[in-house]
Amino acid sequence: MTKTYEPDSRFVERLEWQLASEYRRTNRLKPAAGKVAVPRRMVVATLLVGVLLTGVAVIKAAEYIKDSWRKKIEVARVETEVNLRKARLELTREEASAAKTRFSIGLIQEEEYQVIKLAADKAALDLEISLLNQDEAKATGETPRNELYAPVVGGRDFVSERLKIERRELELDLAALKSSAGRLERMVKMGLVSADELDQVQPQIGSQSAMIDKAQRRLELRSRFVAGKIPAREVEISDRIIAAESNLARAQNLFEAQKKRLAWMQDREALGLISKSWVQQVRYGLDEAQAELSLAALEMDVLKKVK
Amino acid sequence: MLEQQWLTIYRETVHPLYGYMAKRTGGNQALTEDIVQESYLRALDNWKLKTVPDTPLAWLKRVARNILIDYLRQKRWDVKAGPDFDPDSGSRTSEDEFESLEIFLAITSLGKKKARILEAFYYEGLSVREIAKEMGFSERAVEGLLRRARQSLKSLLPKSTSDGGQHD
Chain U
5 MTKTYEPDSR FVERLEWQLA SEYRRTNRLK PAAGKVAVPR RMVVATLLVG
55 VLLTGVAVIK AAEYIKDSWR KKIEVARVET EVNLRKARLE LTREEASAAK
105 TRFSIGLIQE EEYQVIKLAA DKAALDLEIS LLNQDEAKAT GETPRNELYA
155 PVVGGRDFVS ERLKIERREL ELDLAALKSS AGRLERMVKM GLVSADELDQ
205 VQPQIGSQSA MIDKAQRRLE LRSRFVAGKI PAREVEISDR IIAAESNLAR
255 AQNLFEAQKK RLAWMQDREA LGLISKSWVQ QVRYGLDEAQ AELSLAALEM
305 DVLKKVK
Chain G
54 MLEQQWLTIY RETVHPLYGY MAKRTGGNQA LTEDIVQESY LRALDNWKLK
104 TVPDTPLAWL KRVARNILID YLRQKRWDVK AGPDFDPDSG SRTSEDEFES
154 LEIFLAITSL GKKKARILEA FYYEGLSVRE IAKEMGFSER AVEGLLRRAR
204 QSLKSLLPKS TSDGGQHD
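Protein chains in written order, with the numbering used here: chain U, 5 to 311; chain G, 54 to 221.
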């Protein structure tokens with residue numbers, strides 16, 4: 005006789021439903037803190053007998069239908085998101101193609117073409133994320149989870165897959181910023197724009213690099229969690245520390261840039277090229293950057309103590 | 054433990070747990086389903102009070118195995134009584150299944166080390182090398198233990214079962 009070691013699919017579904025109901029039932033019956041658990045449960049159980057006798061079948065059927073509908077609604081939601089992003093990608097690709105033609109015949113500047121092309125590239129990555137969300141929702145029947153300590157679903161690590169796409173998106177932004185900085189540098193050399201404009205792009209490049217570094221570190225943290233090397237609580241704290249360090253790096257970057265800008269403005273003011281109010285405005289910006297830097301440093305201190 | 058986490062664990066473990074148990078019950082569907090269900094209910098009771106173990110599947114397998122042993126001992130499984138048949142329930146333990154349960158119960162009475170080796174070799178299909186690695190023994194030691202475990206098992210079982218023959 006051939007033996008089967010695989011469960012019957014109806015059994016798997018029925019048991020899942022039963023366990024979900026049991027989970028919710030036990031959570032509803034949790035005793036209040038400070039009270040004796042057993043008598044309370046007995047009282048509740050006695051009360052429940054009446055309910056069980058009169059309408060348990062109806063309630064369970066309603067819960068089953070509700071769960072089933074919730075799953076269908078979630079899958080429908082992500083499918084709609086995929087369709088919208090597909091339409092958006094098509095549109096941005098058409099725009100990029102038209103922009104390329106306009107740029108090749110000199111109707112628009114390279115910068116304008118690059119901005120449109122970047123939008124199309126990012127739309128393609130957004131669609132990839134939506135497709136992942138769709139796969140996850142179909143597998144779990146729930147809203148996709150993006151916490152670093154979310155479980156792997158059916159052997160597939162959706163969180164890491166999404167993080168990798170997000171990192172690619174950040175890298176695209178960085179490439180665009182660097183390209184923009186290169187163009188500005190050439191224009192500064194030709195005397196077409198002031199060096200101040202170039203100085204404003206540099207901190208943005210620094211911030212973007214910090215964000216890529218943050219994405220990479222989060223990916224590594226996730227992979228350690230999936231490998232079972234660290235527990236969920238440690239993942240949560242480490243993730244916050246990564247975010248705080250990234251904030252700190254960004255705030256430091258901004259602070260240095262504002263300091264440099266203020267010195268440059270003060271030189272111009274001394275030569276009578278700009279008014280005092282311009283300098284004052286930059287000084288306020290520097291104060292704001294200083295406050296953000298202090299806050300980020302404080303947050304880091306707190307998190308390190310918690311860890 | 055969140056509901057989502059609970060259901061994810063269930064979905065990831067139900068197939069391997071069922072396979073693990075079905076091999077020990079000789080494919081007895083009703084018994085396997087009952088034990089798998091009971092294991093999850095115990096997990097729910099246990100994990101809501103404590104934290105979820107690092108390897109939920111290992112925890113579930115251990116509990117399921119103990120439930121099966123308890124069940125067989127509680128029934129005072131009598132190897133002479135033959136296959137269990139309940140005309141009212143409409144379900145029947147076939148002779149094959151009866152022999153499988155008989156062998157499993159005998160294996161569990163051999164002592165922890167021998168039982169583990171026989172289960173790993175026969176139910177889980179691990180090689181001698183894999184068992185040696187898991188238990189931290191040399192391959193030669195595992196082969197020796199396996200041989201002795203087989204002999205002990207043979208002495209515990211009725212001749213017909215140990216020879217692969219039929220019950221009277």
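Just so you know, even glycine gets a beta-carbon here, dropped at the ideal spot from N, CA and C.
Given the structure is predicted, the values throughout are model-derived calculations rather than measurements.
Asked, Found
"In chain order, which beta strand (DSSP E) runs of at least 3 residues are fully inside the stretch 108 to 190 of chain U?", "none"
"Counting only beta-carbon atoms, is Trp59 (chain G) nearer than 7 angstroms to chain U?", "yes"
"Within the chosen definition, does the stretch 271 to 282 of chain U reach the stretch 230 to 244 of chain U through at least 3 CB pairs nearer than 8 angstroms?", "no"
"Measure from the C-beta of Leu206 (chain G) to each C-beta in chain U and report whether the shortest distance is under 7 angstroms.", "no"
"Need the endpoints of the alpha helix (DSSP H) that Lys76 (chain G) sits in, please.", "Glu56 to Arg77"
"Is it buried or exposed, Glu173 (chain U), if we count other Cβ atoms within 10 angstroms and call 16 or more buried?", "buried"
"So, for Leu202 (chain U): in the same chain, excluding its five sequence neighbours on each side, which residues have a beta-carbon less than 7 angstroms away from its beta-carbon?", "Ala185, Leu188, Glu189 and Val192"
"Does the CB of Tyr93 (chain G) have a neighbour CB from chain U at under 7 angstroms?", "yes"
"Quick one: list the residues of chain G neighbouring Ala231 (chain U), beta-carbon separation under 7 angstroms, in chain order.", "Going along chain G, no residue has its Cβ under 7 angstroms from Ala231 (chain U), so there is no contact; the nearest lies around 12 angstroms."
"Could you tell me how far apart the beta carbons of Trp100 (chain G) and Tyr27 (chain U) are, in whole angstroms, since I believe they sit closer than 8 angstroms?", "About 10 angstroms separates the two Cβ atoms, so there is no contact after all."
"Taking the C-alpha atoms as reference points, what is the distance between Arg348 (chain U) and Asp125 (chain U)?", "Past the boundaries of the shown model lies residue 348 (chain U); chain U is included only from 5 to 311, so the question cannot be answered."
"Could you have a look at Asp107 (chain G) and say whether DSSP puts it in helix, strand or coil?", "coil"
"Quick one: list the residues of chain G neighbouring Ala24 (chain U), beta-carbon separation under 9 angstroms, in chain order.", "Glu56, Trp59, Leu60 and Tyr63"
"Between Met215 (chain U) and Leu252 (chain U), which are expected to be in contact by the criterion C-beta below 8 angstroms, what is the C-beta distance as a whole number of angstroms?", "Not a contact, Cβ separation roughly 13 angstroms."
"Using the rule of at least 16 other Cβ atoms within 10 Å of the residue's Cβ for burial, across every protein chain shown, is Tyr288 (chain U) buried or exposed?", "exposed"
"In the structure shown, what three-state DSSP assignment does Phe190 (chain G) receive?", "coil"
"Indicate whether at least one CB of chain G lies closer than 7 angstroms to the CB of Val239 (chain U).", "no"
"Between Arg92 (chain U) and Ala141 (chain U), which are expected to be in contact by the criterion C-beta below 8 angstroms, what is the C-beta distance as a whole number of angstroms?", "That belief does not hold up - the Cβ atoms of Arg92 (chain U) and Ala141 (chain U) are roughly 20 angstroms apart, past 8 angstroms."
"For the candidate residues U:Ile109, U:Val82, U:Glu151 and U:Glu98, whose alpha-carbon lies nearest to that of Asp130 (chain U)?", "U:Val82"
"State buried or exposed for Leu196 (chain U), treating a residue as buried only when at least 16 other CB atoms are found within 10 Å of its CB.", "exposed"
"Would Phe259 (chain U) and Ala236 (chain U) be called neighbours here (beta carbons separated by less than 7 angstroms)?", "no"
"Kindly indicate if chain U contains any beta-carbon less than 7 angstroms away from that of Glu172 (chain G).", "no"
"Using 7 angstroms as the limit for Cβ to Cβ distance, is Ala134 (chain G) near chain U?", "In this predicted model, Ala134 (chain G) has a pLDDT of only 48, less than 50, meaning its place in the structure is not dependable enough to derive any value."
"Measuring CA to CA, which of G:Leu97, G:Arg77 and G:Tyr63 is closest to Leu154 (chain G)?", "G:Arg77"
"Which two residues bound the contiguous alpha helix (DSSP H) that contains Lys218 (chain U)?", "Ala199 to Val230"
"Cutting at 6 angstroms between CB atoms, please list the residues of its own chain near Phe157 (chain G), excluding the five before and the five after it.", "Arg77"
"Run through the stretch 225 to 285 of chain U for me and flag every whole alpha helix (DSSP H) of 4 or more residues, listed as ranges in chain order.", "236 to 274"
"Using a Cβ-Cβ distance under 7 angstroms, would Val16 (chain U) count as near chain G?", "yes"
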